[in-house]
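Q: Structure in structure tokens, see below.
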Ligand code: HEC
Ligand code: HEC
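Residue numbers (this note's numbering): 3 to 363.
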């Protein structure tokens, strides 16, 4: 897949070198090229085996916002993936239980269900499997065990009823898997259609001249080799630093003292294969203007810098100011609309005298 995209984009690069002026891209031709590489966002990302119903979406939203899924009673999924800030915390790396800083930047939950796998190193298959991690992670939500999470939720009668409604054919629906299934179905609703979708769907006026020029640069430069599909990313894993060392190339941009940061080995930590050293998932670029700071370590705050770094370390190019201007404009067209339903805070079930009290321990 990776290779075929690169070949495709090189073909386009040749076409443009032979006369296509950057300043006035042909919207029709670009539309044809783009629809072969990208596709519009769906309104829901379905998964077989975890069917959607309204009760499950609402339950998943409640669990997503419920800080009682953390040991301290203070941290919810929304603490680090704040839907009011496009599903991120805008911190270099997240703060979890007892304000412990984790090792990586929190990616957005928006459109994440479309990714072929989850986490920067792809270690979870889908959003359901992913959701089981943070609740128990000692530096995230820090609940000491699955049973404790289930007991705390089951101590609230309204939750018991809501699990019965959300999983109508199950005998004992309130279990840890279904906590994750409900959160997963909610996350599957979090797609954010934007003007680029309107363009892909055939509205050739949806993007202005400069945004079209940016799309052309994105294709011609080969960004599309790794950032393709409906989310413009989330499908391909690649070494960070194909052409140059990431750390060497980014020294001038990075706002932190690199010597204090251990270098993240990426997927190597999961597979221990030499080929996976410094391999990370190419993230989605939907809503990229909002999901700063950038990269797995959150080391770069400025999107223009992050873009120039990408061109240098992944492709060996130094991008012109004109190309960067165009790309920045194109990113603007990728800023989408968060579903209204997700932005409305749920009223959470009341605790009872049975509910285990939160603790900072
Ligand atoms: C303390 C902060 C924190 C909390 C709380 C938290 N997350 Fe995350 N989340 C992260 C970080 C950091 C990563 C990236 C970790 C990695 O890749 O190793 C991540 C990764 C993810 C991803 C993967 C996205 C992608 O593009 O690969 C999803 C989805 C997600 N979290 C959803 C959730 C859900 C659902 C909850 C609640 C059950 C939750 N998170 C709780 C910080 C947090
Ligand atoms: C060979 C694959 C590859 C190519 C080509 C590529 N990228 Fe990336 N991109 C990645 C990977 C992998 C990451 C994640 C790096 C990390 O943080 O570890 C990434 C990260 C990014 C980020 C930061 C996203 C975030 O949420 O932190 C931006 C912006 C970006 N790329 C834009 C581009 C642009 C623009 C181009 C073309 C000039 C491009 N990329 C070319 C693989 C690629």
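Glycine included, C-beta positions come from ideal geometry on N, C-alpha and C.
Look up residue 5 in the DSSP assignment and say whether it is helix, strand or coil.
A: Because the pLDDT at residue 5 is just 37, under 50, the model does not fix this residue reliably, and the point stays unresolved.
Q: Given residue 24, which residues of its chain have a CB within under 6 Å of its CB, disregarding the five upstream and five downstream residues?
A: Per-residue confidence for residue 24 stands at a pLDDT of 47, beneath the threshold of 50, marking its modelled position as unreliable; the derived number appears in the next sentence. Excluding residues within five positions, the ones whose Cβ falls inside 6 Å are 215.
Q: State whether the segment 286–295 contacts the segment 134–150, with contact taken as three or more CB pairs (one from each stretch) at a distance under 8 Å.
A: Flag = no, the segment 286–295 and the segment 134–150 do not touch.
Q: Which word fits residue 6, buried or exposed, when buried means at least 16 other C-beta atoms lie within 10 angstroms of its C-beta?
A: Only weak support is given to the placement of residue 6: the predicted model assigns it a pLDDT of 40, under 50, and the question is left unresolved by the model.
Q: Check the Cβ-Cβ distances between residue 141 and every residue of chain D, and say whether any is below 8 Å.
A: Among the chains in the structure shown there is no chain D, since it carries only a single protein chain.
Q: Ignore the nearest five residues each way along the sequence and tell me which others in residue 285's own chain have a CB closer than 7 Å to its CB.
A: So the qualifying residues of the chain are 109, 235 and 236.
Q: Below 8 Å on the Cβ atoms is my guess for residue 308 versus residue 302; work out the distance and round it to an integer in Å.
A: That belief holds up - the Cβ atoms of residue 308 and residue 302 are roughly 5 Å apart, short of 8 Å.
Q: Give the single residue among 31, 144 and 60 whose Cα lies nearest to the Cα of residue 69.
A: Closest option to residue 69, Cα to Cα, is 144.
Q: Could you give the uninterrupted runs of the beta strand (DSSP E) lying entirely in the segment 22–58, keeping only those of 3 residues or more?
A: Runs of the beta strand (DSSP E) inside the segment 22–58: none found.
Q: What I want to know is whether the C-beta of residue 282 ends up closer than 7 Å to one or more non-hydrogen atoms of ligand 2.
A: Correct: residue 282 has its Cβ closer than 7 Å to ligand 2.
Q: Mind checking whether residue 188 and residue 275 have CB atoms under 8 Å apart?
A: No, the Cβ-Cβ distance between residue 188 and residue 275 is not below 8 Å.
Q: With 16 other CB atoms within 10 Å as the buried threshold, where does residue 101 fall?
A: Its Cβ having fewer than 16 others within 10 Å, residue 101 is exposed.
Q: Would residue 139 and residue 127 be called neighbours here (beta carbons separated by less than 8 Å)?
A: Contact: no.
Q: Decide if the segment 149–160 is in contact with the segment 354–362; the criterion is three or more beta carbon pairs, one per stretch, under 8 Å apart.
A: Taking 8 Å as the limit for Cβ pairs, the verdict is that the segment 354–362 does touch the segment 149–160.
Q: Here's the rule I'm using: 16 or more other beta-carbon atoms within 10 Å means buried, otherwise exposed. How should residue 27 be labelled?
A: By the 10 Å Cβ count, residue 27 comes out buried.
Q: Quick one: Cα of residue 342 to Cα of residue 65, how far?
A: Straight-line Cα distance between these residues: approximately 18 Å.
Q: Name the DSSP beta bridge partners of residue 283, please?
A: Paired residues: 239.
Q: What are the boundary residues of the alpha helix (DSSP H) that includes residue 132?
A: First-last of the alpha helix (DSSP H) with residue 132: 129–138.
Q: Cutting at 8 Å between CB atoms, please list the residues of its own chain near residue 202, excluding the five before and the five after it.
A: Closer than 8 Å at the Cβ level, and outside the excluded window around residue 202, lie 33, 36, 37, 40, 41 and 42.
Q: Excluding five sequence neighbours on each side, which residues of the same chain lie with their C-beta closer than 8 Å to the C-beta of residue 152?
A: Cβ within range, chain order: 176, 177, 178 and 181.
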